[in-house]
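Participant: In the working numbering, the protein residues as written are 23 to 632.
One structure follows; several queries about it will come next.
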Ligand code: SF4
């Protein structure tokens, strides 16, 4: 049975591609589903047995023999952050209430939210509004998004004087507005930039599309006699928490945490788009065609909105050394005639493996190198560069790794929305080349409670990392560097030491992946490419991929085996009984310790190969 009710999420999913409706029907109704594999009913009739077989193959990828769902995945990070997302909705609701005139309707309970619904060609299109406000003359609709204003404030265009200015500006009343609506001084470059916002798959455009759907449903539900305004309610990326708490020690947030982005006029242009898309969705639901379609950006591969049917549609793409293995491949590949081929176009034409791409289409030096390694099976090592990098190290080396909690709401003084809140470090001290004991030379700190223990962590860390000349090694230093910089701002009394630490940071990933600045400073002029590549990297230099190449150590089977597990465990600390806490605390210690010990092992292995 096709579900005739279309929510916003369902609508957006059906807009992905022609196949989604057919797969969704199969996923819901299993062998009771009636789906097609072409747009021609007569052909489907003819092919009925073959279609049944196709259905059965697809169902095998959706459910196992015990009828266990193979597609549903628990997103633990999402679950952990859910209370914060809910809190954002409440804070936004209160901010609407304080800011605008009229009675505000907002609630975490969907059934208490304002609902609108209209019928079209037998389907019910409906929406629940995060915020709704009405007075005698006007209605205001709000869509709350747990994103930050940075996404919009960072959008710039070149004005007629050649200066880069914001696509969005604040009105004197503090409402974020499209420049066109506020100042009017826009040009072609502005329109080029705002065109991206009409792309429902782009990072900022997806929010505009969401509220455009809400508006369409709202305006087609009743006869509209009032003036309507539409706003996105988002987190203020410039808000810095002052550390204020209530009697229970919970942070107290002012209304300034929320920014209202007025999208009313921009949505005028989106209404014909939604109208057209509604027709597309209806046609897809009427057809329920589960036949294969081209893969593309609509699948939102590796995005938080990745399509649920990804494992089915991408089954044919090899997990190892596929076309996606080429770093920079999203920029496409140029053939010998200079014609650029987009990666998804090639994929849909059957270029699934990395080796399917002709070698002379690989214009990026690193891709040529990847290909040589794939073809030969032999790793590539730029021994001279790695050797020079190792020789530049100063001892003792402090191998450092931080674990953080990327909370949507700032929890402590000096934090912003989505600040990476420090809760753990691990350090291994390597006294001389190769002289480091996995246990005795390991130091660590974990904030066991959810109150602000950052200063404690810093004092503890500064006691371990002496103010000497020793290199401080991290893997992908921008993360560690930014945390140190943030802490120097929040705790000025340690700023000098923390800045000194930043100056001593060395990135082990640069030794492998290369880095122009570092290798230029070491006297290399040819410094663009990788210093190391191995088939098993499969296009990634993450420490989890690099480690098994150089060591027997593995993260597989560890109770906490990645950064997400770590932050989820930390988030659950206050709710654990003593025994569970002890086990999880030790698992967390082991995980972070492994990250720094991994650097010791990788460095030692590199010494041996150069
Ligand atoms: S994975 Fe891509 S092609 Fe498959 S149903 Fe989803 S959006 Fe469509």
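Don't be surprised by glycine CBs; every beta carbon is placed ideally from N, CA and C.
As the structure is a prediction and not an experimental result, all values here were calculated from the model.
Does residue 548 pass the burial test, meaning 16 or more other C-beta atoms within 10 Å, or should it be called exposed?
Facilitator: It counts as exposed.
Participant: Among all the DSSP beta bridges, which residues are the ones paired with residue 529?
Facilitator: DSSP, once it has assigned bridges, lists 496 as partnering residue 529.
Participant: State buried or exposed for residue 437, treating a residue as buried only when at least 16 other CB atoms are found within 10 Å of its CB.
Facilitator: With 16 or more Cβ atoms within 10 Å of its Cβ, residue 437 is classed as buried.
Participant: For the alpha helix (DSSP H) that contains residue 596, what are its first and last residues?
Facilitator: Unbroken run through residue 596: none, as it is neither H nor E.
Participant: According to DSSP, is residue 468 helix, strand or coil?
Facilitator: Residue 468: strand per DSSP, three-state reduction.
Participant: Does the separation of the CB atoms of residue 256 and residue 169 fall below 7 Å?
Facilitator: Cβ atoms of residue 256 and residue 169: closer than 7 Å.
Participant: Given a cut-off of 7 Å, decide if residue 40 and residue 311 are closer than it, judged by their beta-carbon atoms.
Facilitator: Yes. Within cutoff.
Participant: Following a CB-centred definition, is residue 346 positioned closer than 6 Å to any heavy atom of the ligand SF4?
Facilitator: Incorrect: residue 346 has no Cβ contact closer than 6 Å to the ligand SF4.
Participant: Taking 6 Å as the cut-off, is the CB of residue 453 close to at least one heavy atom of the ligand SF4?
Facilitator: The answer is no for residue 453.
Participant: Across which residues does DSSP place residue 196 in a beta bridge pair?
Facilitator: None; residue 196 has no bridge partner.
Participant: Any residues whose CB sits closer than 6 Å to a heavy atom of the ligand SF4? List them in chain order?
Facilitator: Here the residues come out as 38, 39, 41, 42, 45, 315, 317, 320, 321, 329, 331, 332, 335.
Participant: Once you ignore the five residues that flank residue 460 on each side, which residues in its own chain have a CB closer than 6 Å to its CB?
Facilitator: 619.
Participant: Which stretch, first to last residue, makes up the alpha helix (DSSP H) that contains residue 35?
Facilitator: Residue 35 -> alpha helix (DSSP H) spans 30 to 36.
Participant: Put residue 312 into one of helix, strand or coil per three-state DSSP.
Facilitator: Coil, per DSSP.
Participant: Per the contact definition of three or more C-beta pairs closer than 8 Å, is the stretch 416 to 432 in contact with the stretch 374 to 389?
Facilitator: Segments in contact, no.
Participant: Below 8 Å CB to CB, which residues in the same chain sit around residue 60 once its five sequence neighbours on both sides are set aside?
Facilitator: Closer than 8 Å at Cβ, skipping near neighbours: 66, 69, 311, 313.
Participant: With a threshold of 16 other CB atoms inside 10 Å of the CB of residue 327, please say whether the residue is buried or exposed.
Facilitator: Residue 327 is exposed by the Cβ-count criterion.
Participant: Anyone know if the C-beta pair for residue 222 and residue 212 falls short of 7 Å?
Facilitator: Contact flag unset, no.
Participant: Give me the Cβ distance between residue 240 and residue 163, rounded to the nearest whole Å; I'm assuming they're in contact under 8 Å.
Facilitator: Contact holds; Cβ gap of about 6 Å.
Participant: So, residue 132 versus residue 147, is the Cβ gap smaller than 7 Å?
Facilitator: It is not a contact, given that the beta carbons lie outside the stated cut-off.
Participant: Compute the beta-carbon to beta-carbon distance between residue 233 and residue 141, rounded to the nearest angstrom, for a pair I have assumed lies under 8 Å.
Facilitator: 22 Å between Cβ atoms; not a contact.
Participant: When you compare the stretch 546 to 562 with the stretch 515 to 531, are there three or more beta-carbon pairs, one atom per stretch, that lie closer than 8 Å?
Facilitator: At 8 Å Cβ cutoff, the stretches do not touch.
Participant: What does the alpha-carbon distance come out to for the pair residue 259 and residue 81?
Facilitator: Between residue 259 and residue 81, the C-alpha separation is close to 44 Å.
Participant: From residue 361 to residue 381, what distance separates their C-alpha atoms?
Facilitator: Rounded to the nearest angstrom, the two C-alpha atoms are 15 Å apart.
Participant: Does the CB of residue 460 have a neighbour CB from chain D at under 7 Å?
Facilitator: Of the chains in the structure shown, none is chain D; there is only one protein chain.
Participant: Classify residue 487 as helix, strand or coil using the three-state DSSP reduction.
Facilitator: Here residue 487 sits in coil by DSSP.
Participant: How many Å lie between residue 370 and residue 224 at the Cα?
Facilitator: The straight-line gap from Cα to Cα measures roughly 21 Å.
Participant: Is it the case that the stretch 606 to 617 contacts the stretch 569 to 580, given that we only count it when at least three CB pairs across the two stretches are under 8 Å?
Facilitator: With the cut-off at 8 Å, the stretch 569 to 580 and the stretch 606 to 617 touch.
Participant: Sorted by chain position, which residues of the same chain lie with C-beta nearer than 6 Å to residue 593's C-beta, five sequence neighbours on each side aside?
Facilitator: These residues qualify, in order along the chain: 102.
Participant: Determine the extent of the beta strand (DSSP E) in which residue 249 is found, giving its start and end residues.
Facilitator: Note, residue 249: beta strand (DSSP E), 249 to 257.
Participant: Could you name each continuous beta strand (DSSP E) segment of 3 residues or more that falls completely within the stretch 372 to 434, going from the start of the chain to the end?
Facilitator: Here the runs fully enclosed are 419 to 428.
Participant: Can you give me the C-alpha to C-alpha distance between residue 261 and residue 210, rounded to a whole angstrom?
Facilitator: The alpha-carbon atoms of residue 261 and residue 210 are separated by roughly 32 Å.
Participant: Expressed to the nearest angstrom, what Euclidean distance is found between the alpha-carbon atoms of residue 415 and residue 605?
Facilitator: Cα to Cα, the separation comes out at about 37 Å.
Participant: So, with DSSP's three-state summary, where would you put residue 56?
Facilitator: Three-state DSSP puts residue 56 in coil, outside helix and strand.
Participant: Skipping 5 residues on each side, what residues in its chain have a beta carbon closer than 7 Å to that of residue 479?
Facilitator: Here the set comprises 444, 447, 467, 469.
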